[in-house]
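Going by numbering that gives the first Met the number 0, the first residue of the sequence shown is number 0, and it counts up by one from there. Each residue gets a CB set at the ideal place from its N, CA and C atoms; glycine is no exception. One structure is given here, and the rest of the page talks about it.
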Amino acid sequence: MKQLSVATNENAPYMSGVKRYISDKTQAIDGIDGQLLRTLSQCFNFTYRLVDCNRQWGNRLPNNTWDGL
């Protein structure tokens with residue numbers, strides 16, 4: 000089974016429960032995007048790993064790398 004890494008932020012009502020899910024995989028992620036991710040993983044037989052971006056949407060750093068989404 001393939002695993003998809005998903006970078007995300009808490010952004011209700013679209014995605015919520017991210018930190019709770021990362022610390023305890025038995026907890027469900029909520030919101031429209033969370034429901035979509037669960038449905039897709041069931042239909043296409045893959046697992047997923049959430050990566051919390053700590054509310055960073057993307058900034059260019061001094062060393063020319065990026066953080067966030």
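Whose C-alpha, out of the options, is nearest the C-alpha of residue i?
i: Ala-11; options: Met-0, Leu-3, Ser-4 and Asp-29; result: Asp-29
i: Phe-43; options: Val-50, Leu-35 and Leu-49; result: Leu-35
i: Asn-53; options: Phe-45, Asn-8, Gln-41 and Lys-1; result: Asn-8
i: Gln-2; options: Leu-39, Arg-48 and Asp-66; result: Arg-48
i: Ile-21; options: Asp-32, Asn-62, Tyr-13 and Ala-6; result: Ala-6
i: Ile-31; options: Ser-15, Asn-63, Gln-55 and Trp-65; result: Ser-15
i: Trp-56; options: Ser-4, Thr-46, Gln-26 and Gly-67; result: Gly-67
Mapping DSSP to helix, strand and coil, what is residue i?
i: Lys-1; result: strand
Buried or exposed: which applies to residue i, given that a residue is buried once 16 or more other Cβ atoms fall within 10 Å of its Cβ?
i: Leu-60; result: exposed
i: Val-50; result: exposed
Quick one: is the Cβ of residue i within less than 7 Å of any heavy atom of the ligand SAH?
i: Asn-58; result: Ligands are entirely absent from the displayed structure, and the ligand SAH is therefore not among its contents.
What are the start and end residues of each continuous alpha helix (DSSP H) run of 4 or more residues lying completely inside the segment 26-58, in chain order?
31-43
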